[in-house]
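Student: Okay, handing you the structure first.
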Amino acid sequence: MVNDAGRIALVAVMVCAAAPAAGGVGGDHAATATADPERAAAGDPVTEAEARIGHVVRLEDLLALARARNPDVLELRERAGAARERASGAGRLPDLELQAEIQNTPLTSPLSFRESEMWMLGLRQTFPALGTRAARGRAANAEAGVASESTRARERDVVRDVRRAYWEYHRAEQALRIRREVIDLTRRVADLARAAYESGRGSQQDVLRTAVEVARIQAELGSDEQALRSAQVMLNALTGREPDAALGETAEVRSHDLRQGLDELDATLVDRRPELVAARRAIERSEASLDAARRQARLPTLMVGVDYGYMPRKEETATAAAMPAEESPAATAAPEMDRHFYTVMVGVNLPWLNPGRKDAVREAERSLAADRRALDAIRATSRFQLRDAMARYHAARIAFDQMDRDIVPKARQSLEAAQGAFGVGRGDALGLVDSLRSYLAIRLERERALASLEAALADVERAMGDDVEANRTPAPLNVQETP
56 MVNDAGRIAL
66 VAVMVCAAAP
76 AAGGVGGDHA
86 ATATADPERA
96 AAGDPVTEAE
106 ARIGHVVRLE
116 DLLALARARN
126 PDVLELRERA
136 GAARERASGA
146 GRLPDLELQA
156 EIQNTPLTSP
166 LSFRESEMWM
176 LGLRQTFPAL
186 GTRAARGRAA
196 NAEAGVASES
206 TRARERDVVR
216 DVRRAYWEYH
226 RAEQALRIRR
236 EVIDLTRRVA
246 DLARAAYESG
256 RGSQQDVLRT
266 AVEVARIQAE
276 LGSDEQALRS
286 AQVMLNALTG
296 REPDAALGET
306 AEVRSHDLRQ
316 GLDELDATLV
326 DRRPELVAAR
336 RAIERSEASL
346 DAARRQARLP
356 TLMVGVDYGY
366 MPRKEETATA
376 AAMPAEESPA
386 ATAAPEMDRH
396 FYTVMVGVNL
406 PWLNPGRKDA
416 VREAERSLAA
426 DRRALDAIRA
436 TSRFQLRDAM
446 ARYHAARIAF
456 DQMDRDIVPK
466 ARQSLEAAQG
476 AFGVGRGDAL
486 GLVDSLRSYL
496 AIRLERERAL
506 ASLEAALADV
516 ERAMGDDVEA
526 NRTPAPLNVQ
536 ETP
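The numbering used here applies: residue 56 is where the sequence shown begins, and numbers increase by one.
Set out below in structure tokens:
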């Protein structure tokens, strides 16, 4: 038989265990880190971060890994590097051309090159229209800027996804811990109800209902385990790790307040969001391409060449022509000197006679107009996304504050009232179980509200295209211990 003092002591232990803890879960999902300890000891920050997250998962370590190893980010970085390499050679002269000719070789002896009248070897260099090279260089540099900003935009997507996955991982982790506490506490209440029933002071309904409650909560563990596993796989994929790589417990977390308001963020949006910066760079590219097209339509392209020539049959022709006349050394020496010669040439194209040049100019003008329209569209979309993200952040902030400062304390008071009633024999086990379920369900809701708040803040950062962590201040969680 369980006396009243024993019941009060047992309930006090149960409710103290139900209070939320500041640390992480001693869950079975943590595993030993797989990183090479020798490399970690060598001071590689990325490897050190990977070694740490096998034990304690910190958001900053996950972000460092994602920036360094995410496959999508690495691919776009390589493409941006390729664009920079193209830009370095865009303004250079066209290739120097080497030209060789053999003229007038008899068909009767096509491979007897000494029967040809002339051998020629020359060089050609083309000089584009004045200013075209500089315009092409500007266009290529702007294109490299577009590629660089596209890489930064993808990196911001990854940062947002890592933040959201981290908070989902934390939520699922805390949900598992809370549900396991519920199972343990409900079992204790069931034991207490069984003891009361056996002593004739309780009812069989109390015993059966508490047993059903234990089974129900055990069935709910599967959804949290699945959510934790999914978040783990997502985090590993975003950070370039193996799907089953170890992740430890999350570190102590704190909610955050965004200091800057909408007007302040909107004022710097155009200079911080990569899509907007890329759109401006695209306009610069189109302006440079239009400048090049206009110059090519207005100014000629210059070609300069020089040839060296040799006439292998010159001596034979001159000797045959001189045979009937008086033979003298001077008569044969002059043709010998004429066998070697050079040629200089200059050529220009006539762009004014080519209608395609005007078509190219009109095409470049349309491309420039399209890029300007694209900037307007992206600016409008970005401002909407920032306002939408800020609205969701403020809604999540209000919901979390209300849950943390109002609803959780009231649920705690309700549980204390049920504890007191049960302790003095005025309540039953079912009433205590219901109060405990309600209190812990609100704790689950609080964890969801915290995850939603931080996910909304991640969306604000993505809408800005830059970190706003420097504009956040830690706000301690308003968790009150249950006596």
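Virtual Cβ for every residue (Gly too), placed ideally from N, Cα, C. Quick caveat, the model's predicted, so the values are computed rather than measured.
According to the Cβ coordinates, are Arg179 and Glu152 closer than 8 Å?
Tutor: yes
Student: If you follow the beta strand (DSSP E) that Phe396 is part of, which residue opens it and which one closes it?
Tutor: His395 to Val403
Student: Is it buried or exposed for Val403, if we count other Cβ within 10 angstroms and need 16 for buried?
Tutor: Exposed, by the Cβ-count rule.
Student: For the region 398 to 414 against the region 428 to 447, do three or more pairs of beta-carbon atoms, one drawn from each stretch, fall closer than 8 Å, so that the two count as touching?
Tutor: Fewer than three pairs of CB atoms, one per stretch, sit closer than 8 Å, so the region 398 to 414 makes no contact with the region 428 to 447.
Student: Using the DSSP secondary-structure output, state which residues sit across from Gly200 in a beta bridge.
Tutor: Paired residues: none, contrary to the question.
Student: Just checking my contact of Leu283 with Glu228 at CB under 8 Å: how many whole Å lie between their CB atoms?
Tutor: 6 Å
Student: I'd like to confirm the pairing. Which residues does DSSP put opposite Arg179 in its beta bridges?
Tutor: Glu152 and Gly360
Student: Give me, in chain order, the residues of the same chain whose beta-carbon lies closer than 6 Å to that of Ser203; leave out the 5 immediate sequence neighbours on both sides.
Tutor: Ala135
Student: For Glu103 and Gly109, I'd like the C-alpha separation in whole angstroms.
Tutor: 10 Å
Student: Using the C-alpha atoms, what's the distance from Leu131 back to Ala451?
Tutor: Between the alpha carbons of Ala451 and Leu131 lies a distance of about 34 Å.
Student: Suppose only complete runs of 4+ residues qualify. What are the alpha helix (DSSP H) ranges in the region 120 to 153, listed by chain order?
Tutor: 126 to 144
Student: Name the two residues that bound the continuous beta strand (DSSP E) containing Leu166.
Tutor: It is not in any beta strand (DSSP E) - Leu166 carries neither H nor E in the DSSP assignment.
Student: Using only alpha-carbon positions, find the residue among Met445, Glu140, Ala119 and Glu339 that is nearest to Gln315.
Tutor: Met445
Student: Taking Leu345 as the reference, which of Ala306, Asp426, Glu275 and Thr163 has the closest Cα?
Tutor: Of Ala306, Asp426, Glu275 and Thr163, the residue nearest in Cα terms is Asp426.
Student: What are the boundary residues of the beta strand (DSSP E) that includes His311?
Tutor: Ser310 to Leu313
Student: Mark Arg296 as exposed unless 16 or more other C-beta atoms lie within 10 angstroms of its C-beta, in which case mark it buried.
Tutor: buried
Student: Excluding five sequence neighbours on each side, which residues of the same chain lie with their C-beta closer than 6 Å to the C-beta of Gly520?
Tutor: Excluding positions up to five away in sequence, the list reads Arg211, Arg327, Arg328 and Pro329.
Student: Closer than 8 Å by C-beta to Arg215: which residues in its own chain qualify, once you throw out the five before and the five after it? Chain order, please.
Tutor: Ala513, Asp514, Glu516 and Arg517
Student: What's the C-alpha gap between Pro406 and Asp150?
Tutor: Between Pro406 and Asp150, the C-alpha separation is close to 21 Å.
Student: Would you call the region 347 to 359 in contact with the region 174 to 189, where contact means no fewer than 3 C-beta pairs closer than 8 Å?
Tutor: yes
Student: Return helix, strand or coil for Thr305, following the three-state DSSP convention.
Tutor: Here Thr305 sits in strand by DSSP.
Student: State the Cα-Cα distance for the pair Ala223 and Arg113, rounded to the nearest angstrom.
Tutor: Sequence inspection shows Glu at residue 223; the Ala mentioned does not correspond to that position. C-alpha separation (whole angstroms): 13 Å.
Student: Quick check: what's the CA-CA separation for Ala496 versus Glu268?
Tutor: 13 Å
Student: Determine the direct distance from the alpha carbon of Leu240 to that of Arg107, and round the result to whole angstroms.
Tutor: 33 Å
Student: Provide the residue span of the alpha helix (DSSP H) that contains Asp414, from first to last.
Tutor: Pro410 to Gln457
Student: Please name the residue, chosen from Tyr397, Leu117, Gly411 and Ala347, that lies closest to Ala286 on a Cα-to-Cα basis.
Tutor: Closest option to Ala286, judged by alpha-carbon separation, among Tyr397, Leu117, Gly411 and Ala347: Leu117.
Student: Taking the alpha-carbon positions, what's the Ala424 to Leu430 distance?
Tutor: 10 Å
Student: Reducing DSSP to helix, strand and coil, say where Met289 ends up.
Tutor: Here Met289 sits in helix by DSSP.
Student: Between the alpha carbons of Thr398 and Phe182, how many angstroms are there, rounded?
Tutor: CA-CA distance, Thr398 to Phe182, rounds to 19 Å.
Student: Are Leu491 and Leu505 close, meaning C-beta to C-beta below 8 Å?
Tutor: no
Student: Hey, would you say Arg243 sits closer than 8 Å to Ile272, going by beta carbons?
Tutor: no
Student: Could you check which residue in Ala466, Ser493, His449 and Ala476 has the C-alpha nearest to that of Ala510?
Tutor: His449
Student: Is the separation between the beta-carbon of Leu290 and that of Ala220 shorter than 8 Å?
Tutor: yes
Student: Identify which residue in Met366, Arg460 and Asp362 has its Cα closest to the Cα of Leu176.
Tutor: Asp362
Student: Determine whether the beta carbon atoms of Val213 and Val128 lie at a separation below 8 Å.
Tutor: yes
Student: Reducing DSSP to helix, strand and coil, say where Met519 ends up.
Tutor: helix
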